Structure formats: structure tokens, C-alpha cells
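J.: Quick one: structure below, then a few questions.
Encoded structure:
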């Protein structure tokens, strides 16, 4: 399926934009602040533009005119911190946390975070723009370019493998499949299921995530009418 | 929410139609045949009309012109058999099964059947027209009158209580809620969740179903904007 453009075309590849953001944040020694279930990041005007273009975080409206704060999700903050290595994140004591400390804080705060972070970072590493998918009843939506240019192509569900937390997983019953596929169809998205396989690793540390496998599966309805032999014959003639 | 009419209005209440069907089937000693996961029922022309008007079963196209066969779901067949007591159902040996024998056959054939049957019969007893809901990713859809007259008002999920088969239940995670509610909204249906509480009863017999409780819950999104105090004030002025 090709991206559905919104009438404008993107100028720069996402990898270039993210790379510029990374360089800029490293140069300014950017530091985020943990605040409940989000991370707040103060950004220079140039970084504000790059964060917008990379589609990471969302600006926070404050009384301070000269400073622009951004609210990052746990996935976004940990990705900037541990994968791009371009920010540090501090806790209540204003001291920067190590990647592992940050990881343990987030895992304790949010059920299922390891699976969500693995899925987020998996897609981001491939230069997909990843945003929250709750509007469509999925974990994420994935865009090929910035959402200003294209509609999201994929509705993404991140599911733990069999040994994981099956009790709370999605797509265990047919009615859930039907519901998700019908909704994806009505909003012109393809359902992408990321099966996160732990390979027997425990979720004890951030580094153990490296050993997780991600299986990508596209789920679509099979249309018997569209798959009949004589249909193919007609096309071939 | 009022029923959404399809331009025509229903003539007779559903209770009257079902009652006529019941009388007619009893008079003709109607007998269905178990066939895999459905029950086949041969009907007189008058019964064919009443089955259509009651929205029970669907006609089967056969080579026999003088006979009209109908395909009933397990829920429909057991409802006609054990609640309305107007048909008998025979197995492979052509002998009519008792209600309990039929029940055991159906429970063995379909996972989760007790919960589905309890939900189906609960709604049918209240004169709702109940059809399969897989098109909308739910267990049933419920119509106030025949689907020829109105659109279905409710998308119905039948869920076992906590002691039940939680592993395969719906609505265990937020993303499933979001997905189901978004879909229900887009097809103008209200989500009706029927929690089937076993009250400690085992599913050993059809008669044990009588002791099950059904809790009806409507699930809708709360819209903060529509619930603000000053909104009420404006309306009051």
C-alpha cells in the first residue's frame, strides 16, 4: 500500500531530520526531567523545529515565553536517551539517571512497557514515524513521513509472545480480530502486528531487550471473490 | 438512543410474531436436524414467513422447490427447543434429543457456548432481535424490530465473569476498549456488555443456566467538553 499524501510532499528523509535533531541535542547537553509518566524537555528554538519535524514529543504551553518545553512519552524519552544517546534524563533529585535506572523507573511505572518500547524502537530505527494509536484502539500508528504530509499507513499492535502476559493480550478471540480489522479498514490502515519474542530472556535490564526478536505480521481479510482462479485468468487475457 | 428507522415502520410487536411462530411450530411438530455447527429446519410456507419476520435462522437454497429449509445457529435452535419449546432437534440417528442432550452436544462443539447462549436468550426473552455481530467485531447485534425496519441499536459483547475463561475474554486491555468503542461509534451503535455471572455454578447442565446472573452495562466515551458545568449553565439560561 502506498502512502496516502495530504497534498504536500515531504522534503527531507526522516533519517536526516532525526540525525540533525540528535546532533543538536548532543551539542546542547539536553536534559529531560521525569514527571510522573512523561518526560519534560526544554528545547532551543532550532530543536523545537527539529522535534516537530521528527514528530517526537509535543510542545507544552507554559507562561515562559522564551523557553519551549516538550512533553515526551516514556518510549520517546528512552529512545532519545538509550538509542540516539542525545539526551540525559534526571529524576526528582535533578541528577541524571543512567539508562538502566531510567529503564527500571519506567518498567515499574507502566505495565507492559518493555514490549511497547521494543516495538517503538524497532519501528523508529527503520525511520517510521511512530505515534500513539489509542484513537484507533491500537498501540501505535506508523507514518512513512511526518503526519503533516501523509496519513498513517499502519495500525500497530505490539504483542508479547506466548510465554508473556497472555492474559491481557489482544487478538486472543475472533471477535477482537474482526473488530480491529473492521476498524483498520474503515480508517484505511493496515494492521501490523509486532510479536515480541523474549527468547527466554527476562525483562531484568534494558540490555536484555537486544536479545528480543520482533516478528512483523500484516493481518488483512482474505476476500475469496478477489482470489478466485478465473479472476486471475481474466486479468491475464 | 432511539431506533434508527429505515423509512418503514414495523407493524406487529416482536412478542406477537414470536408467539405466532411458536404456536405454528408446535402444531406441526417441527423437528430440526443437527448438522455440524448448525441445525437445519424444514418449514411450511407460513412458518417460513414467520421465521423471517421473527428474524430467526436463514433460508437455505436447495434443489427441492416444495420444501423450504432453514439454517439455525446453535443459539437459535436451543432457544426454540428449550425456551419456546416449539421444536425438537434430532441427531445423526434421527432420534429427537432431549434438551440436556442437545445442550451437551453444543457445549462440546463450541467453546464459550454457555455464555453466548445465556446472552442470546436473555435478549430474546426481552423481545430484542438478536443477530451475529462478527461484522462489527462483537458477539451479537440487537435490533428493536426486524432489521428490515431499523438499524441495530446495540453491539453486544457477552463476557464471562472473573472466575470464567478470562484468558480469552474481550475488553481486558484499554486498546481493546478504544477499538471497540471507536468502531461502535462509527457504525452508530451503543456498546452493550453483558457480564454473565455464574454464581459459583458449574456449566454441567442446561438447567444450571437459570442460576446465572446477567449484568447489563452500557459503555460509552465520556466527553469532558460536553459535561462541563458551564455547558449546563448555558442550557439552563
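Chains as they are written, first to last, in this note's numbering: chain A, 5 to 241; chain B, 5 to 241. Backbone N, C-alpha and C define an ideal beta-carbon position, used for all residues, glycine too. All of these numbers come straight from a predicted model, not from anything done at the bench.
Give the DSSP bridge partners of residue 144 (chain B), in chain order.
T.: For this step, residue 144 (chain B) is matched to residue 140 along the second chain. Paired residues: B:136, B:160.
J.: In chain order, what residues of the same chain have a beta carbon less than 7 Å from the beta carbon of residue 48 (chain A), not counting five sequence neighbours either side?
T.: Residue 48 (chain A) sits at position 44 when you count from the first residue of the first chain. Excluding residues within five positions, the ones whose Cβ falls inside 7 Å are 32.
J.: Pull up the DSSP beta-bridge partners for residue 73 (chain B), would you.
T.: In the second chain, residue 73 (chain B) corresponds to position 69, counting from 1. B:46, B:64, per the DSSP bridge assignment.
J.: Please list, in chain order, the residues of the stretch 131-159 of chain B that have any C-beta partner in chain E closer than 8 Å.
T.: Looking for chain E here will not work: the only protein chains present are A and B.
J.: Hey, how far is the Cα of residue 217 (chain A) from the Cα of residue 58 (chain B)?
T.: In the first chain, counting from the first residue as 1, residue 217 (chain A) sits at position 213. In the second chain, counting from the first residue as 1, residue 58 (chain B) sits at position 54. C-alpha separation (whole angstroms): 52 Å.
J.: In this structure, how does DSSP classify residue 90 (chain A) when only helix, strand and coil are distinguished?
T.: Walking along the first chain from the start, residue 90 (chain A) turns up at place 86. Reduced to three states, the DSSP call for residue 90 (chain A) is coil.
J.: Give the straight-line distance between the Cα atoms of residue 95 (chain B) and residue 37 (chain B), rounded to the nearest whole angstrom.
T.: Walking along the second chain from the start, residue 95 (chain B) turns up at place 91. Walking along the second chain from the start, residue 37 (chain B) turns up at place 33. Approximately 6 Å between the Cα atoms of the pair.
J.: Would you say the stretch 192-212 of chain B touches the stretch 150-166 of chain B, given that touching needs at least three Cβ pairs under 8 Å?
T.: Segments in contact, yes.
J.: Short of 6 Å in beta carbon distance, which residues of its chain neighbour residue 84 (chain B), apart from the five on each side in sequence? Order them along the chain.
T.: As a first step, residue 84 (chain B) is located in the second chain; it is residue number 80 there, counting from the start. Answer for residue 84 (chain B): 90, 91, listed in chain order.
J.: Report the CB separation of residue 106 (chain B) from residue 26 (chain B) in whole angstroms; it is logged as a contact under 8 Å.
T.: Here residue 106 (chain B) corresponds to residue number 102 of the second chain, with the count starting at 1. Here residue 26 (chain B) corresponds to residue number 22 of the second chain, with the count starting at 1. In fact, because the Cβ distance is near 18 Å, the residues do not count as touching under 8 Å.
J.: Compare the C-beta of residue 27 (chain A) against all C-beta atoms of chain B and say whether one is closer than 8 Å.
T.: Position 23 of the first chain holds residue 27 (chain A). Chain B, which has no Cβ nearer than 8 Å to the Cβ of residue 27 (chain A), makes this no.
J.: For residue 189 (chain A), name the three-state secondary structure that DSSP assigns.
T.: Within the first chain, numbered from 1, the residue matching residue 189 (chain A) stands at position 185. In this structure, residue 189 (chain A) counts as helix in the three-state DSSP scheme.
J.: Check whether the Cβ atoms of residue 195 (chain B) and residue 210 (chain B) lie closer than 8 Å to each other.
T.: Within the second chain, the letter at position 191 stands for residue 195 (chain B). Within the second chain, the letter at position 206 stands for residue 210 (chain B). For residue 195 (chain B) and residue 210 (chain B), no; Cβs fall outside 8 Å.
J.: With distances taken from CA atoms, which of A:22, A:177, A:112, A:143 is nearest residue 179 (chain B)?
T.: The residue you call residue 179 (chain B) lines up with position 175 of the second chain. Answer by Cα proximity: A:143.
J.: Strictly under 8 Å for the Cβ-Cβ distance: is residue 227 (chain B) near chain A by that measure?
T.: One-based indexing of the second chain puts residue 227 (chain B) at position 223. So no, residue 227 (chain B) is outside the interface.
J.: Check the C-beta distance from residue 193 (chain B) over to residue 158 (chain B) and give it rounded, since I have them as a contact under 8 Å.
T.: Mapped onto the second chain, residue 193 (chain B) falls at position 189. Mapped onto the second chain, residue 158 (chain B) falls at position 154. At roughly 6 Å, the Cβ-Cβ gap stays under 8 Å, so residue 193 (chain B) and residue 158 (chain B) are in contact.
J.: Is any beta-carbon of chain B found at less than 8 Å from that of residue 90 (chain A)?
T.: Against the first chain, residue 90 (chain A) aligns to sequence position 86. No, its Cβ sits nowhere closer than 8 Å to a Cβ of chain B.
J.: Give a yes or no on whether 8 Å exceeds the smallest Cβ distance from residue 224 (chain B) to chain A.
T.: Mapped onto the second chain, residue 224 (chain B) falls at position 220. No, residue 224 (chain B) does not count as interfacial toward chain A.
J.: Below 8 Å on C-beta distance, what does residue 41 (chain A) contact in chain B?
T.: The residue given as residue 41 (chain A) occupies position 37 in the first chain. Simply none; closest approach about 14 Å.
J.: Buried or exposed, going by whether 16 or more other CB atoms sit within 10 Å of the CB of residue 30 (chain B)?
T.: As a first step, residue 30 (chain B) must be located in the second chain, where it is residue number 26. Classification for residue 30 (chain B): exposed.
J.: What residue range does the alpha helix (DSSP H) around residue 79 (chain A) cover?
T.: As a first step, residue 79 (chain A) must be located in the first chain, where it is residue number 75. Residues 78-82.
J.: For residue 150 (chain A) versus residue 133 (chain A), is the C-beta distance shorter than 8 Å?
T.: Translated into the one-based positions of the first chain, residue 150 (chain A) becomes position 146. Translated into the one-based positions of the first chain, residue 133 (chain A) becomes position 129. Taking 8 Å as the Cβ cut-off, residue 150 (chain A) and residue 133 (chain A) qualify as a contacting pair.
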